[in-house]
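Report on one structure; see the data block that follows.
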Amino acid sequence: MTDQATSPAFVPGLAGVIAAQSDVGFVDGENGILEYRGIRIEELAEKSTFEETAYLLLYGKLPKRAELKTFEQQLKSHRQVKPEILDMISRFPKDGHPMAALQTCVGAMGLYYPRTGAVNAAEREVASHRIIAQVATMLAAIARRMQGASAVAPREDLGHAANFLYMLNNEEPAEILARTLDVAMILHAEHTLNASTFTCRVVASTEADPYSAVSAAIGSLGGPLHGGANERVLDMLEAIGQADKAKAWFEDAVAHKKKIMGLGHRVYKVKDPRAFALQKLATRVFEELGTTPLYDIAKVIEDLAAERLGPKGIYPNVDFFSGTVYLKMGIERVLFTPIFAIARVAGYLGHYDEQMQDNKIFRPRQEYMGTHQAPYIPMDDR
Ligand code: ACO
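For the sequence shown, this note's numbering begins at 91 and goes up steadily by one.
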């Protein structure tokens, strides 16, 4: 029974339901097109930086030279994290998942900064810069905590991706590593109304502060059906072990109707354009640093999947190749999803701002499937 007789039909997973109007990003799942503010992702990956892309997502246009310089300076000025939050990180369990830690830290920012971003546009702008800058510092500190090492203070002379790698390893990264992460972050920065961005918009719609909205979105991103898949792709490739075992593994997975991590997408019915871009990136990294057998396994699975699952529209998504690239860069697998998160916050915050421009609280209906007029049975009679 529906709340009201006039309710539209129940759509599981809201598949295909238009729940927001947006000009932040655009996906054409039939033709494999992804645009941020109208600009193709391939072009941004080739020509932009994460900072410039974040500006584009937040402000709706590419910055002029002086605007970019100011924006980069603003991000740098926000890199330092509150000592209280660093102290909190130093007390986290070493074996806790960094996604839980990052979500906690972003939520905790609301303890130390004004929570008026929903209604105050100027505060919203500052909070956006603060979150984009500080998630990198917090994640590096969380990763170091997992190693039993102390946090490394950010440097102002490095770009966003290079500074993150510096804080992670306490060593200035080689140019190829910094640019690879920069491009990977561009590719992960926005993807329309996916589960975590929708979460962000739902929380924003209650006029909750940006820290609460982004923290909730990070919680949503961590699930294995969403951003958490990249870590599991690596588990899968390692379990397969070598390329000549991939066919047997694949046949078994298909026969048992197992979901193969890194394949399939709610929107794309062709190969995810970000998977193409990540493969291009992988080729560059492997040329410089040497290849990995895991990539060969991934390519065998991709070919087999194209033949067997392609007719169902199941092809590699963004998560399929990212892990092999990160692993080659010396990044631990538990950091794959949080690195996705520190890029995606730019998209979340573009959506948060857009939601506040013309807000209406999200309140869909449910279809009630239970009973009515049920008796209250006394405890002893149950
Ligand atoms: N491997 C094998 N079969 C698959 C896969 C897969 N990865 N994904 C979907 N299918 C099959 C399903 O078994 C189902 O088959 P059936 O019709 O014979 O029962 C059909 O395709 C439809 O699958 P759904 O799960 O209903 O598709 P939905 O659009 O709801 O799910 C999702 C999309 C969640 C991404 C799914 O493809 C999946 O679980 N993929 C693996 C996890 C993953 O890689 N997630 C990352 C997505 S990208 C991102 O979030 C950043």
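Even glycine gets a Cβ: it sits at the ideal position worked out from N, Cα and C.
With 16 other Cβ atoms within 10 Å as the buried cut-off, status of residue i
{"i": "Tyr466", "result": "exposed"}
{"i": "Gly309", "result": "buried"}
{"i": "Arg472", "result": "exposed"}
{"i": "Ile391", "result": "buried"}
{"i": "Thr373", "result": "exposed"}
{"i": "Phe100", "result": "exposed"}
{"i": "Ser305", "result": "buried"}
{"i": "Ser167", "result": "exposed"}
{"i": "Thr427", "result": "buried"}
{"i": "Ile108", "result": "exposed"}
{"i": "Gln448", "result": "The question names Gln, but residue 448 is Asp in the sequence shown. It counts as exposed."}
{"i": "Gly103", "result": "exposed"}
{"i": "Gln111", "result": "exposed"}
Residue i versus the options, residue with shortest Cα-Cα distance
{"i": "Thr143", "options": "Asp471, Gly440, Tyr458", "result": "Gly440"}
{"i": "Val114", "options": "Glu136, Asp443, Lys348", "result": "Asp443"}
{"i": "Glu262", "options": "Ala274, Asp247, Met275, Ile179", "result": "Asp247"}
{"i": "Pro183", "options": "Met236, Met189, Lys154", "result": "Met236"}
{"i": "Ile429", "options": "Tyr145, Val209, Ala226, Glu162", "result": "Ala226"}
{"i": "His219", "options": "Val209, Arg169, Ser240", "result": "Arg169"}
{"i": "Lys349", "options": "Glu120, Ala191, Val323", "result": "Val323"}
{"i": "Tyr202", "options": "Phe140, Ile175, Tyr416", "result": "Ile175"}
{"i": "Ala224", "options": "Val435, Gln447, Met446", "result": "A quick correction: the sequence has Gln, not Ala, at residue 224. Nearest C-alpha to Gln224: Val435."}
{"i": "Gln163", "options": "Glu120, His316, Ile222, Arg423", "result": "Ile222"}
{"i": "Ala526", "options": "Asp299, Gly119, Gly318, Leu368", "result": "An answer regarding residue 526 cannot be provided, because it is not within the stretch 91 to 472 covered by the chain."}
{"i": "Tyr301", "options": "Thr427, Thr461, Thr194", "result": "Thr194"}
{"i": "Ala264", "options": "Ala307, Val375, Ala279, Asp334", "result": "Val375"}
{"i": "Asp325", "options": "Gln369, Ala268, Thr414", "result": "Thr414"}
Residues that residue i bridges to, as DSSP identifies them
{"i": "Tyr126", "result": "Gly115, Ile129"}
{"i": "Leu353", "result": "Pro406"}
Residue i to residue j span [Cα, whole Å]
{"i": "His281", "j": "Pro468", "result": "51 Å"}
{"i": "Ala31", "j": "Val196", "result": "Any property of residue 31 remains undetermined from this structure, which presents the chain solely from 91 to 472."}
{"i": "Met257", "j": "Pro173", "result": "16 Å"}
{"i": "Gln456", "j": "Pro98", "result": "10 Å"}
{"i": "Thr206", "j": "Glu215", "result": "11 Å"}
{"i": "Leu379", "j": "Thr287", "result": "34 Å"}
{"i": "Met331", "j": "Asp342", "result": "This sequence places Gly at residue 331; Met is not what is there. One C-alpha to the other measures close to 15 Å."}
{"i": "Thr296", "j": "Ile451", "result": "6 Å"}
{"i": "Ala395", "j": "Pro401", "result": "9 Å"}
{"i": "Gly106", "j": "Val242", "result": "45 Å"}
{"i": "Leu384", "j": "Leu399", "result": "21 Å"}
{"i": "Val344", "j": "Ala388", "result": "16 Å"}
{"i": "Ala294", "j": "Asn284", "result": "15 Å"}
{"i": "Arg181", "j": "Leu152", "result": "41 Å"}
{"i": "Gln445", "j": "Ala329", "result": "43 Å"}
{"i": "Trp339", "j": "Phe411", "result": "18 Å"}
{"i": "Asn259", "j": "Ala190", "result": "21 Å"}
{"i": "Gly317", "j": "Arg423", "result": "13 Å"}
{"i": "Gly352", "j": "Asp362", "result": "10 Å"}
{"i": "Leu506", "j": "Ile131", "result": "For residue 506 there is no data in the structure shown, the boundaries of the chain being 91 and 472."}
{"i": "His250", "j": "Ile404", "result": "34 Å"}
beta-carbon residue i near ligand 3 non-hydrogen atom, thresh 7 Å
{"i": "His462", "result": "Ligands displayed in this structure: ligand 1; ligand 3 is not among them."}
Runs of 3 residues minimum, wholly inside the stretch 160-216: which ones carry the beta strand (DSSP E) assignment? Counting whole runs of 3 or more residues, the stretch 160-216 contains no beta strand (DSSP E) stretch at all.
Can you list, in chain order, the stretches of the alpha helix (DSSP H) that have 4 or more residues and sit fully within the stretch 310-356? Inside the stretch 310-356, DSSP marks whole alpha helix (DSSP H) runs of 4 or more residues at positions 319-330, 336-345, from first to last along the chain.
Ranges of the beta strand (DSSP E) found wholly within the stretch 232-283, counting only runs of at least 3: DSSP runs (the beta strand (DSSP E)) wholly in the stretch 232-283: none.
Which ranges would you report for the alpha helix (DSSP H) in the stretch 365-427 if only whole runs of at least 4 residues count? Counting whole runs of 4 or more residues, the stretch 365-427 contains the alpha helix (DSSP H) stretches 383-398, 409-418.
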